[in-house]
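Only one structure is covered here, and it is reproduced in the block below.
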Amino acid sequence: GDQVEQSPSALSLHEGTGSALRCNFTTTMRAVQWFRKNSRGSLINLFYLASGTKENGRLKSAFDSKERYSTLHIRDAQLEDSGTYFCAAVNTGNYKYVFGAGTRLKVIA
Amino acid sequence: EAAVTQSPRNKVTVTGGNVTLSCRQTNSHNYMYWYRQDTGHGLRLIHYSYGAGNLQIGDVPDGYKATRTTQEDFFLLLELASPSQTSLYFCASSDGTGGAEQFFGPGTRLTVL
Numbered sequence: 059g060d061q062v063e064q065s066p067s068a069l070s071l072h073e074g075t076g077s078a079l080r081c082n083f084t085t086t087m088r089a090v091q092w093f094r095k096n097s098r099g100s101l102i103n104l105f106y107l108a109s110g111t112k113e114n115g116r117l118k119s120a121f122d123s124k125e126r127y128s129t130l131h132i133r134d135a136q137l138e139d140s141g142t143y144f145c146a147a148v149n150t151g152n153y154k155y156v157f158g159a160g161t162r163l164k165v166i167a
Numbered sequence: 133e134a135a136v137t138q139s140p141r142n143k144v145t146v147t148g149g150n151v152t153l154s155c156r157q158t159n160s161h162n163y164m165y166w167y168r169q170d171t172g173h174g175l176r177l178i179h180y181s182y183g184a185g186n187l188q189i190g191d192v193p194d195g196y197k198a199t200r201t202t203q204e205d206f207f208l209l210l211e212l213a214s215p216s217q218t219s220l221y222f223c224a225s226s227d228g229t230g231g232a233e234q235f236f237g238p239g240t241r242l243t244v245l
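Protein chains in written order, with this note's numbering: chain A, 59 to 167; chain B, 133 to 245.
Here it is, written out as structure tokens:
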């Protein structure tokens, strides 16, 4: 079946620094979503992309359907950015999202 | 006001118990989904629906039933709960033809003893 490989599985960042999370897809996807699961267990929508890039504050995401990947860039990390980040993608053949296994981000002072 | 709500937020039951998880959305979306999320895994799709009375099988359906009674309401039923069904359950909705942006409820933590 469709697979989403998310990396890294875990990441520690010092406050003020940045990094990138990545999801690779085994097939052509038509859209991708990025979420953060916060300390209370709620899923926060970050981005939905059908193509190109989007930016919101210190977060920026890109999606390349042809090259089969999506990225989430975090800059100037803050303590409240800690949590588990998931990508999810839906392919052109059906309407089911497939999720990556998540990236556990810890921002340290 | 939250557009996707779930109840209960927490539930403890025993092996063999009967559990119903409820989800309501006020987004006027056609699609609704039930997922489970376990440590070290992404969300896995249990069942989904594209309208009242419709049910589609997801990727991990064994041990679960679901029913979509109205456009707003989607229920997940565990008729003989097992410890392997201890998990965090999320409901989501999306509009249009599916594959559109999903909006999630706050989750239900289920523990089966």
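Idealized CB from N, CA, C, for every residue including glycine.
So is residue i buried or exposed if we call it buried at 16+ other beta carbons inside 10 Å?
i                         : result
histidine 72 of chain A   : exposed
alanine 232 of chain B    : buried
leucine 130 of chain A    : buried
asparagine 149 of chain A : buried
leucine 245 of chain B    : exposed
isoleucine 189 of chain B : exposed
serine 128 of chain A     : buried
arginine 141 of chain B   : exposed
glycine 174 of chain B    : buried
proline 153 of chain B    : Reading the sequence as shown, one finds leucine at residue 153 of chain B and not proline. Classification for leucine 153 of chain B: buried.
valine 144 of chain B     : exposed
glutamine 217 of chain B  : buried
Can you tell me which of the three DSSP states residue i falls into?
i                         : result
glycine 122 of chain A    : Note that residue 122 of chain A corresponds to aspartate in the displayed sequence, not to glycine. Three-state result, aspartate 122 of chain A: strand.
leucine 137 of chain A    : helix
serine 216 of chain B     : helix
glycine 110 of chain A    : strand
aspartate 227 of chain B  : coil
arginine 116 of chain A   : coil
glutamate 63 of chain A   : strand
tyrosine 155 of chain A   : strand
serine 160 of chain B     : coil
serine 100 of chain A     : coil
glutamine 138 of chain B  : strand
valine 146 of chain B     : coil
aspartate 205 of chain B  : strand
histidine 179 of chain B  : strand
threonine 142 of chain A  : strand
tyrosine 167 of chain B   : strand
asparagine 186 of chain B : coil
threonine 161 of chain A  : strand
valine 148 of chain A     : strand
Which residue's Cα is closest to the Cα of residue i: the options?
i                         : options                                   : result
glutamine 234 of chain B  : B/Cys155, B/Val144 and B/Ser225           : B/Ser225
lysine 124 of chain A     : A/Phe105, A/Thr84, A/Asn96 and A/Gly99    : A/Thr84
serine 109 of chain A     : A/Glu63, A/Cys81, A/Ala120 and A/Leu79    : A/Ala120
histidine 161 of chain B  : B/Gly183, B/Ser216, B/Pro238 and B/Asp194 : B/Gly183
threonine 202 of chain B  : B/Ser181, B/Ala213 and B/Glu211           : B/Ser181
aspartate 194 of chain B  : B/Ala213, B/Tyr163, B/Ala135 and B/Val136 : B/Ala213
isoleucine 178 of chain B : A/Ala159, A/Ala167, A/Val165 and A/Lys154 : A/Lys154
tyrosine 106 of chain A   : A/Phe93, A/Val165, A/Gly115 and A/Arg116  : A/Phe93
aspartate 191 of chain B  : A/Ala135, A/Pro66, A/Leu79 and A/Asn152   : A/Asn152
glycine 149 of chain B    : B/Ser139, B/Ser219, B/Glu211 and B/Trp166 : B/Glu211
threonine 171 of chain B  : B/Asp227, B/Leu153, B/Ser219 and B/Thr240 : B/Ser219
arginine 177 of chain A   : A/Ile166, A/Ala146 and A/Val165           : The structure shown does not extend to residue 177 of chain A, since chain A spans only 59 to 167, so no value can be given for it.
glycine 141 of chain A    : A/Lys118, A/Gly99, A/Ser77 and A/Glu113   : A/Gly99
valine 90 of chain A      : A/Ala78, A/Ser77 and A/Thr111             : A/Thr111
aspartate 139 of chain A  : A/Leu104, A/Ser65, A/Val165 and A/Ser67   : A/Val165
valine 151 of chain B     : B/Ala198, B/Tyr165, B/Val136 and B/Ala135 : B/Ala198
serine 70 of chain A      : A/Phe157, A/Tyr143, A/Val156 and A/Gly158 : A/Tyr143
glycine 185 of chain B    : B/Gln169, B/Glu204, B/Arg168 and B/Tyr167 : B/Glu204
Assuming residue i and residue j are in contact, meaning their beta carbons sit under 8 angstroms apart, how far apart are those beta carbons, in whole angstroms?
i                      : j                            : result
leucine 101 of chain A : phenylalanine 236 of chain B : 4 angstroms
leucine 209 of chain B : tyrosine 196 of chain B      : 7 angstroms
alanine 135 of chain A : threonine 75 of chain A      : 6 angstroms
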